[in-house]
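>
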Amino acid sequence: MTSGKLQIHSLGLLWLLTTVYIVRVASKTLSSTKRSSTLVIQRPRFAGGLLTIPLDGTVQLIQCFTKEVAHGIIRLQYGPKGKTLVMRAANAFERKKWIAAIVDSLATHRASNVATPTQTHGYDSLAQQWAQVATETRQFNAEISGLRVDPEHRAAHCVVC
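Below is the structure:
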């Protein structure tokens, strides 16, 4: 988890000092064990309050001008409508740390999407789980039916053996 204080450009006029976190959250589907990252910004209430941005395919880092880089500005475009979030770090080191954390979170999300096929509301995953349970049950039944009792381990009161 990455956290720190950044200034957020708000209402087109103000720079507000806010606490910003990048946290890992569990996926919303019950059958999925995949975790993703979310950018959490605790803005003052008059500036919109708590803002959570899932770091997924809708988030992009926008190229900044040289002057903006010197001022430690980070621009993110997020959401289906392409809203822009402007953040300002205290120094160049802090800016690089946040950009690296955001890029790492975005890369993790993209890698997990490539590795796992898309699922429709968890139904595909549920079907795979049931198929796996059925296969394991068949294997267990085959192992049980193949077991034999040794003559030396027979019980005295056992009629079948």
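Okay, so the sequence shown: first residue is 1 according to full-length UniProt numbering, each after it adds one. Positions of the beta carbon are idealized from the N, C-alpha and C atoms, including for glycine.
1) Give the straight-line distance between the Cα atoms of GLN128 and THR137, rounded to the nearest whole angstrom.
2) Over what stretch of residues does the beta strand (DSSP E) that includes THR84 continue unbroken?
3) Put THR58 into one of helix, strand or coil per three-state DSSP.
4) Thinking C-alpha only, which one of GLN60, LYS67, PHE46 and LYS81 is nearest ARG75?
5) Grab the span of the alpha helix (DSSP H) containing ALA26 for me, first residue to last.
6) Which value, in whole angstroms, describes the spacing of the CA atoms of GLN42 and GLY4?
7) Nearest-angstrom Cα distance between LEU17 and LYS81?
8) DSSP three-state label for LEU30, please.
9) Within the same chain, show all residues whose beta-carbon is closer than 6 Å to that of GLN77, passing over the 5 residues directly before and after it, in chain order.
10) So, for ARG24: in the same chain, excluding its five sequence neighbours on each side, which residues have a beta-carbon less than 6 Å away from its beta-carbon?
11) Quick check on the DSSP output: the beta strand (DSSP E) that includes LEU6 runs from which residue to which?
12) Any idea what DSSP makes of ARG43, helix, strand or coil?
13) Return yes when the Cβ of THR2 is within less than 8 Å of the Cβ of ILE22, no when it is not.
Considering the structure as presented:
1) It is roughly 14 Å from the alpha-carbon of GLN128 to the alpha-carbon of THR137.
2) Segment 83 to 88, the beta strand (DSSP E) holding THR84.
3) Three-state result, THR58: coil.
4) For the residues GLN60, LYS67, PHE46 and LYS81, the minimum Cα distance to ARG75 belongs to GLN60.
5) Note, ALA26: premise wrong, no alpha helix (DSSP H); beta strand (DSSP E) at 14 to 26.
6) Rounded to whole angstroms, GLN42 to GLY4 spans 11 Å at the Cα level.
7) C-alpha separation (whole angstroms): 26 Å.
8) Because the pLDDT at LEU30 is just 48, under 50, the model does not fix this residue reliably, and the value given afterwards should be weighed accordingly. DSSP, reduced to helix, strand and coil, places LEU30 outside both helices and strands of the structure shown, so it counts as coil.
9) Correct list, in chain order: GLN60, ILE62 and THR84.
10) In the same chain as ARG24, and ignoring 5 residues on each side of it, the C-beta atoms closer than 6 Å to its own belong to ARG35 and SER37, in chain order.
11) Counting along the chain, the beta strand (DSSP E) containing LEU6 begins and ends at 2 to 10.
12) The answer is coil: DSSP assigns ARG43 none of H, G, I, E or B.
13) Cβ distance < 8 Å, so ILE22 and THR2 count as in contact.
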